[in-house]
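Chain order of the listed sequences is A and B.
Under the numbering used here, read the first sequence as residues 20 to 486, first letter to last.
Under the numbering used here, read the second sequence as residues 20 to 486, first letter to last.
There are 2 protein chains.
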Amino acid sequence: MPSDLRLEPDETPLLIDFYELTMAASYFATGYNDKACFSLTTRRMPPRRGFLVAAGLERLLDVLEEFHFEPRMVEYLDSLKIFSPEFLQFLATLRFTGEVRALAEGTIFFAEEPLIEVRGPLIETQLIETIALNQLGMASLIASKAARSFAVAGGRRLVDFGLRRSQGADAGLIAARSSYMAGFHGSSNVLAGMRYGIPVYGTMAHSYVMAHEREREAFASFVKVFPRLSTLLVDTYDTVRGVENAAAVARDLASSGIVPMGVRLDSGNLIDLSRRARRILDEHGLKNVSIFASGNIDEYRIQEMVKAGAPIDAFGVGTAMAVSQDAPALDVAYKLVEYAGKPRLKTSENKPSLPGRKQIFRAFNRNGGFYSDLIGLEEESAVTVSREFRPAPAHIAPLLEPVFAGGKRIGPRPALNDARERFMREFAILEARFKQIDQPEVYPVRHSAALNALLISERLAAESRQD
Amino acid sequence: MPSDLRLEPDETPLLIDFYELTMAASYFATGYNDKACFSLTTRRMPPRRGFLVAAGLERLLDVLEEFHFEPRMVEYLDSLKIFSPEFLQFLATLRFTGEVRALAEGTIFFAEEPLIEVRGPLIETQLIETIALNQLGMASLIASKAARSFAVAGGRRLVDFGLRRSQGADAGLIAARSSYMAGFHGSSNVLAGMRYGIPVYGTMAHSYVMAHEREREAFASFVKVFPRLSTLLVDTYDTVRGVENAAAVARDLASSGIVPMGVRLDSGNLIDLSRRARRILDEHGLKNVSIFASGNIDEYRIQEMVKAGAPIDAFGVGTAMAVSQDAPALDVAYKLVEYAGKPRLKTSENKPSLPGRKQIFRAFNRNGGFYSDLIGLEEESAVTVSREFRPAPAHIAPLLEPVFAGGKRIGPRPALNDARERFMREFAILEARFKQIDQPEVYPVRHSAALNALLISERLAAESRQD
Numbered sequence: 020m021p022s023d024l025r026l027e028p029d030e031t032p033l034l035i036d037f038y039e040l041t042m043a044a045s046y047f048a049t050g051y052n053d054k055a056c057f058s059l060t061t062r063r064m065p066p067r068r069g070f071l072v073a074a075g076l077e078r079l080l081d082v083l084e085e086f087h088f089e090p091r092m093v094e095y096l097d098s099l100k101i102f103s104p105e106f107l108q109f110l111a112t113l114r115f116t117g118e119v120r121a122l123a124e125g126t127i128f129f130a131e132e133p134l135i136e137v138r139g140p141l142i143e144t145q146l147i148e149t150i151a152l153n154q155l156g157m158a159s160l161i162a163s164k165a166a167r168s169f170a171v172a173g174g175r176r177l178v179d180f181g182l183r184r185s186q187g188a189d190a191g192l193i194a195a196r197s198s199y200m201a202g203f204h205g206s207s208n209v210l211a212g213m214r215y216g217i218p219v220y221g222t223m224a225h226s227y228v229m230a231h232e233r234e235r236e237a238f239a240s241f242v243k244v245f246p247r248l249s250t251l252l253v254d255t256y257d258t259v260r261g262v263e264n265a266a267a268v269a270r271d272l273a274s275s276g277i278v279p280m281g282v283r284l285d286s287g288n289l290i291d292l293s294r295r296a297r298r299i300l301d302e303h304g305l306k307n308v309s310i311f312a313s314g315n316i317d318e319y320r321i322q323e324m325v326k327a328g329a330p331i332d333a334f335g336v337g338t339a340m341a342v343s344q345d346a347p348a349l350d351v352a353y354k355l356v357e358y359a360g361k362p363r364l365k366t367s368e369n370k371p372s373l374p375g376r377k378q379i380f381r382a383f384n385r386n387g388g389f390y391s392d393l394i395g396l397e398e399e400s401a402v403t404v405s406r407e408f409r410p411a412p413a414h415i416a417p418l419l420e421p422v423f424a425g426g427k428r429i430g431p432r433p434a435l436n437d438a439r440e441r442f443m444r445e446f447a448i449l450e451a452r453f454k455q456i457d458q459p460e461v462y463p464v465r466h467s468a469a470l471n472a473l474l475i476s477e478r479l480a481a482e483s484r485q486d
Numbered sequence: 020m021p022s023d024l025r026l027e028p029d030e031t032p033l034l035i036d037f038y039e040l041t042m043a044a045s046y047f048a049t050g051y052n053d054k055a056c057f058s059l060t061t062r063r064m065p066p067r068r069g070f071l072v073a074a075g076l077e078r079l080l081d082v083l084e085e086f087h088f089e090p091r092m093v094e095y096l097d098s099l100k101i102f103s104p105e106f107l108q109f110l111a112t113l114r115f116t117g118e119v120r121a122l123a124e125g126t127i128f129f130a131e132e133p134l135i136e137v138r139g140p141l142i143e144t145q146l147i148e149t150i151a152l153n154q155l156g157m158a159s160l161i162a163s164k165a166a167r168s169f170a171v172a173g174g175r176r177l178v179d180f181g182l183r184r185s186q187g188a189d190a191g192l193i194a195a196r197s198s199y200m201a202g203f204h205g206s207s208n209v210l211a212g213m214r215y216g217i218p219v220y221g222t223m224a225h226s227y228v229m230a231h232e233r234e235r236e237a238f239a240s241f242v243k244v245f246p247r248l249s250t251l252l253v254d255t256y257d258t259v260r261g262v263e264n265a266a267a268v269a270r271d272l273a274s275s276g277i278v279p280m281g282v283r284l285d286s287g288n289l290i291d292l293s294r295r296a297r298r299i300l301d302e303h304g305l306k307n308v309s310i311f312a313s314g315n316i317d318e319y320r321i322q323e324m325v326k327a328g329a330p331i332d333a334f335g336v337g338t339a340m341a342v343s344q345d346a347p348a349l350d351v352a353y354k355l356v357e358y359a360g361k362p363r364l365k366t367s368e369n370k371p372s373l374p375g376r377k378q379i380f381r382a383f384n385r386n387g388g389f390y391s392d393l394i395g396l397e398e399e400s401a402v403t404v405s406r407e408f409r410p411a412p413a414h415i416a417p418l419l420e421p422v423f424a425g426g427k428r429i430g431p432r433p434a435l436n437d438a439r440e441r442f443m444r445e446f447a448i449l450e451a452r453f454k455q456i457d458q459p460e461v462y463p464v465r466h467s468a469a470l471n472a473l474l475i476s477e478r479l480a481a482e483s484r485q486d
């Protein structure tokens, strides 16, 4: 029996909500399959977030390229005894033929701005709803969370330690990939290292020290096997004595030319312990031995330690980042915005949608920094919307770009490092007040006049749909 | 290029933290590979949790049965240029030969109680640390969260709607499986339906209503295609008018003998709207048309709606349950408790561990209810620990049972429904004060005298390990 963790080849089309299939069957029966456009947006920013980071697109495009229903899936659906043979036959040959416009991975974005717009026959574009929300939502959630640690780490190294507490296997891979994109230096996740070329980090657990009769023996033995990889975990018992033991091992090995690379603190008061560790190491002439801190670390603790001037060179960030602990879901929605050439919107209480195919126009100021965003219609252009910015910005760029058509990605698959560099570039030109982690200012995002006009006319049209 | 979402056959051994491999290499080089025992426990209860539900074991046992490193994994590790050819050769033929004792899925448990104990050669038992924490932690987290909705729903149907906001593909499957185990009736997740035989639920999204020119047309068309599956979503525009349109469609179809099954409310004040919807339906003679509520629902809102007597027949529970929003990670740890026949413990500040191989002794009172738990040593028995309960309980049962040996599961793989029934049975005999969702009482769990004695002597022994 194959492992239940494994997503078998071609199971992804069934990573959907059942209603996608019942709707599809109804559309199929009544012949509703004109061109639709869906828009995937974040309805509101999670608490304390001043900006979000787009991620997950490349994984979604993989799914779209492969999208089809295997015979055993069709058999399962048949066994539910509610679908017609004609519909099941239709599913068996269905492929995704739609077009996707999207924000490139690593792009900074804000609430209400579409991450993707998907256009194509109604049935196909509806069927990918759940997997699109699942993948883009999670990946962007974690990239946005990881960027907060990056924002306060002041250049200190950050390493993803989250796999053990990630919400399942896929979440661990997404966290490693998204955090690397948002400025982390690497991950403890070996599979992420192999798949994405992310640098892998890690040396020893408490069990390693505990398996040995004496702490010094554990340290010495590890340094000998991995002279270039020796960050010694010093808090299995008493941390200060652990640092002293690490220093003693360094002294014993000095004649052989081997120097431990660092010590890792994983519990207790990290500000105080890092100072004491630094002092002990320096007294032993071990100025190049670095201090690595881990254990319940999030962006708030990093900010506190950095502000206190704690002599910590690198942070291992686990649970809080990998599950986005203070906001473990993005409020993403995938809404029909156009059908058969006509705009559509939903007017549900507190959950309205914006009608029409859209574009995000990002304006930049003279020194190249972020100025403000305008959500407009696809048919608008940087030129037509330019008069809606006052005073005039230096430059306006549309953000949504075609990425998928004819069953394939448009152009080559971008490298993960391209997305990381894009994030770094955008992060650098976003003002500090929007990157603050406690009470960031709200970035100015408005609707274009054309979008507002459409919104008003479509609200009236929605009224008539209930007559 | 295969989908990045997919976990390729045999990638699971690389779902590990890098330090597992560096430790393994060091153990291999120095010949440290005696029998070890690791214990996987939850260090503390998440906030407001009075009990936890064990889940994830069967998925982990799948991994252990398959555990091995593929040639391409070994090649990747070789490319890192830090492992010896001898170690890589050792990995290439490594299998998991250890023994596992565990709580059966669906068992109610508490902080400090081992979910599993793993015994075998140090290297193998160390290498499975991360995947064990990842899988058991997430599955138990969600089963424990879902059980809270079950605790307050008063028998109303609960359906998992979480896939779109789950933290990745695997998380969605785990959430469907764990919530079903903890009393949910089904899931919207089609793949979970196929894999686990979980009943699948769902009918239509807002886009379905929006794609049609008129709401009534959308409803009528759906009811005709799915006469036995017609829960109509009534809040795309104005909810009350939506209910009236659903009733009108029912009236129009009455002559054909088709009756819609229900209406779904997905936004607004659900208590108020459910009452108004019930009144409208009843006035139209549609007493059998049920009311389904969804939209940002968690156990607190269910409790509120049930207490208010809102006429709601079923709840769709999504994000809050699927990511365990108020506590998105369990504080699980996998600690070495014995090596080469000698107990081990860690004394890190605030994160100590309990030494020795253990057993959980659960005592029951005369009416068959939960009485209290004792964490003791494996060598103890219900008879030897019985005098530590005062007054004497009616019955004492050890909870950890052998489940894996010789590279295989012991006995057949239990059905998911067995785990669900076990949970239901245990939930029924746990007193209400421990199941309360706001401020539950702390269930009495103590250490046996023998475990306490070992803890004291090992604390002294740990001192000497730093000399």
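Each residue gets a CB set at the ideal place from its N, CA and C atoms; glycine is no exception.
- Message: Between which two residues does the alpha helix (DSSP H) holding A/Y46 run?
- Response: 37 to 49
- Task: Sort out for me which residues DSSP pairs B/P362 with in a bridge.
- Result: B/E357
- Query: What does A/R452 reach in chain B if we use C-beta pairs closer than 8 Å?
  - Reply: By Cβ distance, chain B contributes nothing, its closest Cβ being about 29 Å from A/R452, past 8 Å.
- Using the beta-carbon count (16 or more within 10 Å), is B/R247 buried or exposed? exposed
- Message: Please identify the residue among A/L110, A/L141, A/F57 whose C-alpha is closest to the C-alpha of A/R120.
- Response: A/F57
- Query: Hey, which unbroken runs of the beta strand (DSSP E) at 3 residues or more fall wholly within the stretch 194 to 255 of chain A?
  - Reply: 250 to 252
- Query: What distance in whole Å lies between the Cβ atoms of A/S405 and A/I415, which are believed to be in contact at a cut-off of 8 Å?
  - Reply: 6 Å
- Item | Helix, strand or coil at A/K427 according to DSSP, with G and I counted as helix | strand
- Item | Residues, ordered as in the chain, of the stretch 149 to 180 of chain B that lie near chain D by beta-carbon distance below 9 Å | Absent from the structure: chain D. Protein chains present are A and B.
- Task: Using the DSSP secondary-structure output, state which residues sit across from B/P140 in a beta bridge.
- Result: B/K54
- If the cut is a Cβ gap below 8 Å, which residues of chain A does B/I147 touch? Within 8 Å Cβ-Cβ: nothing; B/I147 doesn't reach chain A, min ~11 Å.
- 7 Å CB neighbourhood of B/D457 in its chain, flanking five on each side removed: R67
- Proximal chain A residues relative to B/T222, where beta-carbon distance stays under 7 Å: Y38, T41
- Message: Would B/T60 pass as an interface residue toward chain A - the criterion being a Cβ-Cβ separation below 7 Å?
- Response: no
- Query: Residues of chain B with a CB under 9 Å from the CB of A/P514: which are they?
  - Reply: Outside the displayed range of chain A (20 to 486) lies residue 514 of chain A, so it cannot be described from this structure.
- Query: Hey, does B/T116 have any beta-carbon neighbour from chain A nearer than 7 Å?
  - Reply: no
- Message: Between the stretch 28 to 45 of chain B and the stretch 135 to 146 of chain B, can you find at least three pairs of beta-carbon atoms closer than 8 Å?
- Response: yes
- Query: Between the stretch 206 to 219 of chain B and the stretch 321 to 341 of chain A, do at least 3 Cβ pairs fall closer than 8 Å?
  - Reply: no
- Using the rule of at least 16 other Cβ atoms within 10 Å of the residue's Cβ for burial, across every protein chain shown, is A/I529 buried or exposed? It is not possible to answer for residue 529 of chain A, since the shown part of chain A is limited to 20 through 486.
- Top-ranked residue by Cα proximity to B/A481, from B/K361, B/F180, B/G314, B/S400: B/K361
- Task: For A/N264, return the contacting residues in chain B, with the cut-off set at a CB-CB distance below 7 Å.
- Result: Q485
- Task: Going by CA-CA distance only, name the one from B/L479, B/L96, B/R63, B/Y215 that's closest to B/R78.
- Result: B/Y215
- Query: Beta-carbon separation of B/L80 and B/R376 under 7 Å?
  - Reply: no
- Query: Which of helix, strand or coil does DSSP assign to B/R376?
  - Reply: coil
- Item | A/P133 classed as buried or exposed, judged by whether at least 16 other C-beta atoms fall within 10 angstroms | buried
- Item | Whole-angstrom distance between A/Y227 and B/R385, CA atom to CA atom | 46 Å
- Anything in chain B within Cβ reach of A/L16, meaning under 8 Å, just list it in chain order. Since the first residue of chain A shown is 20 and the last is 486, residue 16 of chain A is not available in this structure.
- Check whether B/A172 and B/G181 have beta carbons under 7 Å apart: no
- Message: Taking the alpha carbon of B/Y353 as the reference point, which residue from B/V461, B/R363, B/D345 has its own alpha carbon closest?
- Response: B/R363
- From the DSSP output, in three-state form, read off B/I415 for me. strand
- Message: Under 8 Å: do the stretch 112 to 119 of chain A and the stretch 423 to 442 of chain A share three or more Cβ pairs, one atom per stretch?
- Response: yes
- Task: Pair every Cβ in the stretch 107 to 114 of chain A with every Cβ in the stretch 48 to 56 of chain A, then say whether three or more of these pairs are closer than 8 Å.
- Result: no
- Looking only at C-alpha atoms, which of B/D254, B/A401, B/P374 sits nearest to B/L470? B/P374
- Message: Just verifying my parser: in three-state terms, what is the DSSP assignment at A/F106?
- Response: helix
- Query: Are the C-beta of A/Y199 and some C-beta of chain B separated by less than 7 Å?
  - Reply: no
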